[in-house]
Amino acid sequence: MLELFLIGIGTGNPDHITREAEKAIRQADLILLPHKEDNKAELAQVRMTLLQHLCMDSSRIAHFDMPVRRQQGDDYDQQVNEWHDAIAERWRACLSTHLPAGHGHESGHERGRVALLVWGDPALYDSTLRIASRLGLAKSQVKVVPGITSMQVLCSAHGIALNDIGAPFLVTTGRQLREAAWPAGVDTLVVMLDGQCSYEQVAEPDVDIFWGAYLGMPQQILMQGRLVQVKADISARRQQARQQHGWIMDIYLLRRRS
Ligand SMILES: C[S@@+](CC[C@H](N)C(=O)[O-])C[C@H]1O[C@@H](n2cnc3c(N)ncnc32)[C@H](O)[C@@H]1O
Numbered sequence: 031m032l033e034l035f036l037i038g039i040g041t042g043n044p045d046h047i048t049r050e051a052e053k054a055i056r057q058a059d060l061i062l063l064p065h066k067e068d069n070k071a072e073l074a075q076v077r078m079t080l081l082q083h084l085c086m087d088s089s090r091i092a093h094f095d096m097p098v099r100r101q102q103g104d105d106y107d108q109q110v111n112e113w114h115d116a117i118a119e120r121w122r123a124c125l126s127t128h129l130p131a132g133h134g135h136e137s138g139h140e141r142g143r144v145a146l147l148v149w150g151d152p153a154l155y156d157s158t159l160r161i162a163s164r165l166g167l168a169k170s171q172v173k174v175v176p177g178i179t180s181m182q183v184l185c186s187a188h189g190i191a192l193n194d195i196g197a198p199f200l201v202t203t204g205r206q207l208r209e210a211a212w213p214a215g216v217d218t219l220v221v222m223l224d225g226q227c228s229y230e231q232v233a234e235p236d237v238d239i240f241w242g243a244y245l246g247m248p249q250q251i252l253m254q255g256r257l258v259q260v261k262a263d264i265s266a267r268r269q270q271a272r273q274q275h276g277w278i279m280d281i282y283l284l285r286r287r288s
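Per my numbering, the sequence shown starts with residue 31, numbered consecutively.
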């Protein structure tokens, strides 16, 4: 039987890998490792270093090129669907190339434990579960191993609590922050997937920002302060770091002052 393990690996610090994740990685017959056609080679290297740290034998690693998402047109959902179909196809190709087949050696009936390493936690702003659902596996064949999210590492790095006492918080994206107003009934927002410094557009005067980039990695950067006072500095630092490394991953928490 084929078993697919979607393993949360945290934000890039090998010390953030849970014992459960480590065990699932060590027991995998095959690890699928994506490579992107952008300048995120440093990021791919973080995963490789992690596997080396766990003494993974390279013969158990199948590298595949990530398809590129079509970006023309305003049919965003359709673009994402096509892209996920294409990724699932690459996974299928890796499985049939690298795993033994059962059921009279038919393709589509491979056997073994396959692992995918997911940044942070697979449940938080990640599509790996949605892509896995395209493989037609039974629910019992797909196992999720939780990981430490970038949101948790942001809070621990700044030494702050995620929520005020008894209060809710909202996790959202840069696009949502730009396109929708600050939602009613919530004073704390955690913003992910923001390539456009959307915090710059928040007009409220009494908001604090806690910002972090490359969390859990040696190049980690933290900045915080009153949004109106620090936003320009954060954007400048962000741009400089992006140029220096060729890529950036950042996340921030915005909180209304009480
Ligand atoms: C596709 S989402 C994946 C989130 C991930 N599943 C998690 O649990 O953190 C990618 C976004 O997560 C955030 N992120 C992930 N890793 C990060 C890191 N090491 N430092 C800062 N932000 C990170 C960024 O906002 C990035 O745009």
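Glycine included, C-beta positions come from ideal geometry on N, C-alpha and C.
- Within the stretch 48-133, the runs of alpha helix (DSSP H) at least 4 residues long that lie entirely inside it are, in chain order, 49-56, 71-83 and 106-128.
- Taking 3 residues as the minimum length, the beta strand (DSSP E) runs contained wholly in the stretch 150-193 are 172-175, in order along the chain.
- The residue from D280, A54 and A118 with its alpha-carbon nearest to that of E33 is A54.
- Of the candidates D236, H275 and W277, the residue whose Cα lies closest to the Cα of V260 is D236.
- For the options Y106, V148 and S126, the alpha carbon positioned closest to that of H139 is the one of S126.
- At least one heavy atom of ligand 1 falls within 8 Å of the beta-carbon of V183.
- Straight-line spacing of the CA atoms in E209 and R285 works out to 19 Å.
- Inter-segment contact for the stretch 41-53 and the stretch 240-260 is present: three or more beta-carbon pairs are separated by less than 8 Å.
- A266 and C85 have their alpha carbons spaced roughly 39 Å apart.
- Relative to I117, the option among I37, A162 and L200 whose CA is nearest is A162.
- Straight-line spacing of the CA atoms in V148 and G166 works out to 20 Å.
- Shortest gap from the CB of Y229 to any heavy atom of ligand 1: 8 Å or more.
- Per DSSP, the beta-bridge partners of A243 are I251 and D280.
- Per DSSP, E33 lies in no alpha helix (DSSP H); the unbroken beta strand (DSSP E) holding it starts and ends at L32 to G38.
- Here the alpha carbon of C227 sits roughly 20 Å from the alpha carbon of Q182.
- Using a Cβ distance threshold of 9 Å, V172 and L159 count as a contacting pair.
- Annotation for A145: no alpha helix (DSSP H) segment contains it, though the beta strand (DSSP E) segment containing it runs G142 to V148.
- DSSP places D236 outside both helix and strand once states are collapsed to three, so it counts as coil.
- In the three-state scheme derived from DSSP, where H, G and I count as helix and E and B as strand, L207 is classed as helix.
- Contact between I61 and A145 holds: CB atoms are separated by about 5 Å, below the 8 Å threshold.
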